[in-house]
Each structure stands twice: as C-alpha cells, then as structure tokens.
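What follows is a set of notes on a single structure, which appears directly below.
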Amino acid sequence: MQSLHHPTVIPLPFAPHPHTLHFFNKHFPSSIFSTNSYLPRSTRRSPPSPAAVVSASSLVEKGPIEGVLFDIDGTLCDSDPLHFYAFRQMLQQCLQVGFNNGVPISEDFFIENISGRHNEDLCGILLPDWDLPKARKFLQHKEAYFCRLAAEQLEAIEGLDKVCKWIEERGIKRAAVTNAPRPNAELILSMLKLTDFFEVVIIGNECERAKPFPDPYLKALQALQLSPQRSFVFEDSVSGIKAGVGAGMRVVGVGRRNPQELLKEAGATFVIQDFNDQNLWTQLLF
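All the letters of the sequence shown, read from the start, carry residue numbers 1192 to 1477 under the working numbering.
Right under this line is the structure:
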C-alpha cells in the first residue's frame, strides 16, 4: 500500500491550479479506457477457474428470488477508471501542493483507499489536515470532473441489459443502492437508460450511515418490503459487499476491476466478471 504524505493546509485548497484549469474543459484523453493508466485487473492476473467461484448455495436462502439490489459505480457501469483518473489528476495537479510528495496515486492505492468509500470518509482519509468544508468542496470539484468524463465515456458492464430484462420479465423488485452523490447516481442511471427500471434509489449520505454499514441496504429492503432471505445484491467493492452481507443478504461480487480474492474475503457468495458470466446464469436458472 502506498504511504500517505499529506499536504499542509493552504488557502482555497480546492481551487484548480492556474496551469491545470484545462482539466475542467474537454482536454482529457479521448478514451481513458484505452490508456495504460488503468488496466483491467484481469490483464495482470489469471482469472480463477469456474470451480473456484461457483457456490453450491443458491442466491437466496429460501423460496423464489423476490428482490435484487444493485450498487451503481463499478457494478452497473465501468466507472472506476473514470474515478481513478479524476482523483489522480486532481490530487496531483489541482491542489497547488503535490499529494504524496508529487507521486501520482496508483491503481492499487485507489482500490485500497478510495474505491467504494463515501466522500465523507474520503475527507478524512485523503485530506485529514484540512477543515471539513474545504475537503468537501474539493470532492465536489472532483465529482463535477467525474461527471464531465462520464458524460463522454461511461460504459455499461457487459450483459447488463440481459440481466435487467430477466429481472423485469419476472416482476422482481429492484433498487439501486450507492455511496455516490445523488447527482452522480441520477446521471449514471439516465445515461444507462435505467431511471425507470429501479423502483427506489438509495443514497449513502441520505442514510444514518453509508456503506460499509448495512444501513443503505436495510433502507432499500424496507422501502420495497423485501425479506433479506429472498433478496440478493450485486456489488463490486469490499465496502459494498460488507454492507450487503451486514444487511443479511447474499452478495454477488462483480470482479471486473477489483481483485476477486478481496471480494470473496469480504463475504461475496461468488464472483463474476460481468453479467454474461455463466456462473451467474447457472445460479439464476438453478
């Protein structure tokens, strides 16, 4: 894990440096996904065999599936590379004082310290020496930058349309449950044409506690009048998996970017690469 060397507090630490104002225009790579800054994890690690990820247990403890709850970032869409790029650029270029002694954050640092975490937590993790309003303002700028990137480059996880159709045809209740700010969540759902698919959208900072606490998933279960024994979760982060398990549900890990072993250690029932994964359909059609 990369060591943290935090900048000292400076006036208006959230303001972009004059030489990097272009980051807030359109001068970012035509495709972040085509750069070497964020390679798919599978390119550096052999995927496990099907026997290693398929669970003998079904997705629900008893009876038919009545509810499916989805995380948004990294689960419905391949957004982690965009978040990684936005954080890396802003931490190094827009603070006027280099983060981590000017060394750009790595993908591993992003996964271990940022991915799946609520912005309130990130204020303390990344900017512990700043007062909370300034840290929040910086993260608001980061979210605005992410939205600019997402508007041009966001891509759905493969097979998403297929699994959504399967759920809809069976009248299964569904919710989106995320630690993302509501504007981000609504933008992503709109771009994926899923605004009308979800019956409820639960936002972490609108709950008493965000993920990794179970509160957001418990709130979704309550809103849809679902039993955790007849519902399950799709999640891509350790934080989210812990929240789903804590709410009493089984969780399917989406291991497109984050290490599969970490997702299983967090409590995932099994891990898939995307929604076309045969391991998933073996369980859904069981």
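Ideal placement from N, C-alpha and C gives every residue a C-beta, glycine not left out.
- With a cutoff of 9 angstroms on beta-carbon distance, I1379 and D1264 are scored as near each other.
- When secondary structure is reduced to three states using DSSP, C1338 falls in the helix class.
- Annotated as proximal: A1341 and L1273, with beta-carbon spacing under 9 angstroms.
- Residue pairing by DSSP places D1264 opposite C1268 in a beta bridge.
- A straight line joining the alpha-carbon of N1291 with that of L1313 spans about 15 angstroms.
- For R1441, the closest of L1323, F1461, E1298, I1302 by C-alpha to C-alpha distance is F1461.
- Between L1383 and V1424, the alpha-carbon positions lie close to 19 angstroms from each other.
- The beta carbon of K1364 sits closer than 7 angstroms to the beta carbons of E1257, G1258, E1390, L1415, L1417 from its chain, once the five residues preceding and following it are set aside; these are given in chain order.
- About 5 angstroms separates the Cβ atoms of D1271 and R1448, confirming a contact at the 8 angstroms cut-off.
- About 5 angstroms separates the CB atoms of G1431 and G1307; that is less than 8 angstroms, so the two are in contact.
- For I1305, the secondary structure class from DSSP, reduced to helix, strand or coil, is coil.
- Pairing A1277 with F1337 gives a Cβ-Cβ distance under 9 angstroms.
- In the three-state DSSP reduction, A1401 falls in the coil class, being neither helix nor strand.
- The C-beta separation of P1403 from A1434 comes to about 5 angstroms, placing the pair in contact by the 8 angstroms criterion.
- Each residue's CA atom was taken as its position, placing A1371 and E1334 some 9 angstroms apart.
- Contact between D1465 and I1348 holds, since their C-beta atoms are separated by about 5 angstroms, short of 8 angstroms.
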